[in-house]
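A.B. asks: Could you have a look at this structure, given as structure tokens, before my questions?
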Amino acid sequence: MSSDRKLTPLGEDFSAWYNEVVLRAELVDYTPVKGSLVIRPYGYAIWELIQGALDGMFKATGHENAYFPLLIPESLLAKEAEHIEGFAPQTAVVTRGGGKELEEPLVIRPTSEAIIWPIMAGWIQSYRDLPLLINQWANIVRWELRTRPFLRTLEFLWQEGHTAHATQEEAEAEARQMLGIYRRFMEDWMAMPPVTGRKTEREKFAGADRTYSCEPMMQDNRALQAATSHNLGQKFSRAFEVKFQTEAGEHDYVWSTSWGASTRLIGGLVMTHGDDVGLILPPKLAPIQVVVVPIYKSSAERASVLEAAERIRASLDRNVRVKVDDRDTLNPGAKFYEWERKGVPVRLEIGPRDVAAGQVMVVRRIVFGDAERKVAMGESEAIAMLEGLLETMQAGLHERALDRRERNSYRGLKDYGEFKQIMSQSGGYIYTGWCGGEECESKVKDDTKATIRVIPDPEFRSDDAPDKCIACGAESTNEVVWARAY
RNA sequence: CGGGACGUGGCGCAGCUCGGUAGCGCGCCUGAAUGGGGUUCAGGAGGUCGCGGGUUCGAAUCCCGCCGUCCCGACCA
Numbered sequence: 000m001s002s003d004r005k006l007t008p009l010g011e012d013f014s015a016w017y018n019e020v021v022l023r024a025e026l027v028d029y030t031p032v033k034g035s036l037v038i039r040p041y042g043y044a045i046w047e048l049i050q051g052a053l054d055g056m057f058k059a060t061g062h063e064n065a066y067f068p069l070l071i072p073e074s075l076l077a078k079e080a081e082h083i084e085g086f087a088p089q090t091a092v093v094t095r096g097g098g099k100e101l102e103e104p105l106v107i108r109p110t111s112e113a114i115i116w117p118i119m120a121g122w123i124q125s126y127r128d129l130p131l132l133i134n135q136w137a138n139i140v141r142w143e144l145r146t147r148p149f150l151r152t153l154e155f156l157w158q159e160g161h162t163a164h165a166t167q168e169e170a171e172a173e174a175r176q177m178l179g180i181y182r183r184f185m186e187d188w189m190a191m192p193p194v195t196g197r198k199t200e201r202e203k204f205a206g207a208d209r210t211y212s213c214e215p216m217m218q219d220n221r222a223l224q225a226a227t228s229h230n231l232g233q234k235f236s237r238a239f240e241v242k243f244q245t246e247a248g249e250h251d252y253v254w255s256t257s258w259g260a261s262t263r264l265i266g267g268l269v270m271t272h273g274d275d276v277g278l279i280l281p282p283k284l285a286p287i288q289v290v291v292v293p294i295y296k297s298s299a300e301r302a303s304v305l306e307a308a309e310r311i312r313a314s315l316d317r318n319v320r321v322k323v324d325d326r327d328t329l330n331p332g333a334k335f336y337e338w339e340r341k342g343v344p345v346r347l348e349i350g351p352r353d354v355a356a357g358q359v360m361v362v363r364r365i366v367f368g369d370a371e372r373k374v375a376m377g378e379s380e381a382i383a384m385l386e387g388l389l390e391t392m393q394a395g396l397h398e399r400a401l402d403r404r405e406r407n408s409y410r411g412l413k414d415y416g417e418f419k420q421i422m423s424q425s426g427g428y429i430y431t432g433w434c435g436g437e438e439c440e441s442k443v444k445d446d447t448k449a450t451i452r453v454i455p456d457p458e459f460r461s462d463d464a465p466d467k468c469i470a471c472g473a474e475s476t477n478e479v480v481w482a483r484a485y
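Numbering-wise, the first sequence is residues 0 to 485 according to numbering that gives the first Met the number 0.
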């Protein structure tokens, strides 16, 4: 039966396609708890690669990892007014422990500001203790009404950075620096180029002074808020009494930031690069970059083919994540489909004919330009070119994603009717003028489901940005980027 | 939480209108052959039909209630 072997085509039903890909590429599995998913070994391996890369970037900029607890006394969460207002509806709360009602309910962290700041307050007395640069890798729980694998689940994995600074300028620089790190990670590792910028008041983090965001475009032309960085000003330090003595001997509240990225990034990876066959992984984040599929008939052939496969694996092993698929239970064609569905960038096929000729068949998961998908190559030649090929594919995926984003971006639009038409059909990023009024944001959202993703950073702004608000026609204060989002 | 669709071996589904004790494909197990794009044959295991109640001699099928999943919305990383 071939019907359940093929995926729903991406262009036919993007949601169905996405769900099928994450399940059939063995990234996730469902559990008895609604909206709470297992990340399977193959999916978790991608997360570990993401973690490794981001963690290195954080440490290179002076951050240290720590771990704060899962449970937060309800009263602490309530200390920052905007924060509790924003998060209270989404929290899970523990009311019993050890068989008794608790005197004070404990909130399962929806984010950790409220437990981190009361504790870090004790670590800071003087300007000499600043900046304090902490990151943690953790799980958090937000009681979402509607969930989707990776994109929105009850529990998810993320990292959250929390920093304290002596001045507003330093905190702002930190928030911007971390946004830049996320952007660079998305471009260099994920091949998922975001538009970056600042969130509007309506869209910012609950309790932040300013929120910055990375917003890559998915293949259905919707935006994914893929990482955020917040300048919290002194809101949290005032709420949690985080004070320090300045060089001049005065007392002041610290200036803080927080910034985070989650397993949602994996969903972004799927929706940015996948196709009708399944997942396509950028080589830098592929748990298996090269899979070797041996092909043989007799046991004599099996021995010589596996020997050659092992030789190739060993010579690639130092610089490439390579796996020999020596399972005897599947025929080669079935393995081809499986590894393509799982997004492995390069496959090497090696059979008796190849062993005899000292060659291998090099097959690419995706082809750019006029390259051949499948080419026979001398064994040592293939080994020598593979690293370069992986780099080429990484670059090709980035270029393709960037090109798609820009092709589906609209600039200089002044007519609201046209705006509505684009949003109701293809969707995409629309750059327009905006008066700064929340009423106009609401109106556009009601009309089109699109929201302001960001007030874009300078390098994303249009030369010919319209000077009137798209919704009300009043003088524009900022160019903004609209899109429907996840 | 509002609107829609759907819950039947691991997965995808048929059977339900017109009640009679469950079937197909894939997968799985055993064996043999096969192996350069989802291989074939033979044999085999596996289901109290989402849960609870009701009607009936008899319920996957009819009735009531509940739970869950997916899609579209509201909320949100």
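Where a beta carbon is used, it is the ideal one built from N, C-alpha and C, also for glycine.
Which partner residues of Cys-468 appear in the DSSP bridge assignment?
C.D. replies: Gly-432, per the DSSP bridge assignment.
A.B. asks: Would Leu-150 pass as a contact of Val-140 if the rule is Cβ separation under 8 angstroms?
C.D. replies: No; because the gap between Cβ atoms is not below 8 angstroms, this pair is not in contact.
A.B. asks: Are Ser-303 and Val-354 touching if we call contact CB-CB under 8 angstroms?
C.D. replies: Yes, the Cβ-Cβ distance between Ser-303 and Val-354 is below 8 angstroms.
A.B. asks: Thinking C-alpha only, which one of Lys-467, Gly-416 and Val-479 is nearest Ile-429?
C.D. replies: Among Lys-467, Gly-416 and Val-479, the Cα nearest to that of Ile-429 belongs to Val-479.
A.B. asks: Cα separation between Lys-419 and Asp-446?
C.D. replies: Answer to the nearest angstrom: the Cα atoms are 8 angstroms apart.
A.B. asks: Could you work out which residue in Val-194, Ala-464, Val-92 and Arg-127 is closest to Ala-72 when comparing CA atoms only?
C.D. replies: Residue identity differs from the one stated: residue 72 is Pro in this sequence, not Ala. Answer by Cα proximity: Val-92.
A.B. asks: Looking at C-alpha atoms only, which residue of Arg-4, Glu-202, Arg-201 and Ala-222 is the closest neighbour of Arg-404?
C.D. replies: Answer by Cα proximity: Ala-222.
A.B. asks: Counting Cβ pairs, one atom from each stretch, are 3 or more of them under 8 angstroms apart for the segment 252 to 267 and the segment 35 to 50?
C.D. replies: Counting Cβ pairs under 8 angstroms, three or more are found: they touch.
A.B. asks: Can the beta-carbon of Leu-132 be found less than 8 angstroms from the beta-carbon of Phe-243?
C.D. replies: Not in contact: Leu-132 and Phe-243 (Cβ atoms no closer than 8 angstroms).
A.B. asks: Look up Val-93 in the DSSP assignment and say whether it is helix, strand or coil.
C.D. replies: If DSSP states are grouped into helix, strand and coil, Val-93 belongs with the strands.
A.B. asks: Could you tell me which residues DSSP puts in a beta bridge with Val-319?
C.D. replies: In the DSSP output, where bridge partners are listed per residue, Val-319 has none listed.
A.B. asks: Within a Cβ cutoff of 6 angstroms, which residues of the same chain sit near Gln-167, ignoring the five residues on either side of it in sequence?
C.D. replies: Correct list, in chain order: Trp-254.
A.B. asks: Is the segment 182 to 194 close to the segment 371 to 382, with three or more CB pairs under 8 angstroms?
C.D. replies: Taking 8 angstroms as the limit for Cβ pairs, the verdict is that the segment 371 to 382 does not touch the segment 182 to 194.
A.B. asks: May I ask you to verify whether the segment 176 to 187 touches the segment 214 to 234, counting CB pairs closer than 8 angstroms and requiring at least 3?
C.D. replies: At 8 angstroms Cβ cutoff, the stretches touch.
A.B. asks: Counting C-beta neighbours from all protein chains within 10 Å, is the total for Pro-293 16 or more, i.e. buried, or is it exposed?
C.D. replies: Buried, since its Cβ has 16 or more Cβ neighbours within 10 Å.
A.B. asks: Compare the Cα-Cα distances from Glu-486 to each of Ala-238, Met-216 and Val-290 and report the closest residue.
C.D. replies: As shown, the chain starts at 0 and ends at 485. That puts residue 486 outside it, with no answer to give.
A.B. asks: Kindly indicate which residue of Gly-350, Tyr-415 and Glu-398 has the alpha-carbon position closest to the one of Pro-193.
C.D. replies: Looking at the Cα atoms, Glu-398 is the closest of the given residues.
A.B. asks: Whose C-beta lies closer than 8 angstroms to the C-beta of Ser-1 among residues of the same chain, with five residues either side of it excluded?
C.D. replies: Confidence is the limiting factor: at Ser-1 the pLDDT is only 32, short of 50, which leaves the residue's position unreliable, though a coordinate-based value still follows. No residues qualify anywhere along the chain.
A.B. asks: The beta strand (DSSP E) that contains Asp-251, what's its start and end?
C.D. replies: Looking at the DSSP string, the run of the beta strand (DSSP E) that includes Asp-251 is 250 to 252.
A.B. asks: Here's a check: name, in chain order, each residue in its chain whose Cβ is nearer than 6 angstroms to the Cβ of Arg-372, leaving out the five neighbours to either side.
C.D. replies: Closer than 6 angstroms at the Cβ level, and outside the excluded window around Arg-372, lie Arg-363 and Val-366.
A.B. asks: What does a CB cutoff of less than 7 angstroms around Glu-306 pick up in its chain, not counting 5 residues either side in sequence?
C.D. replies: Answer for Glu-306: no residue qualifies.
A.B. asks: Please state whether DSSP places Thr-476 in a helix, a strand or coil.
C.D. replies: Note: Thr-476 maps to coil in three-state DSSP.
A.B. asks: Looking only at C-alpha atoms, which of Lys-99, Arg-352 and Tyr-415 sits nearest to Glu-440?
C.D. replies: Checked all of Lys-99, Arg-352 and Tyr-415; the closest Cα to Glu-440 is Tyr-415.
A.B. asks: Roughly how many whole angstroms lie between the Cα atoms of Trp-157 and Pro-109?
C.D. replies: C-alpha separation (whole angstroms): 11 angstroms.
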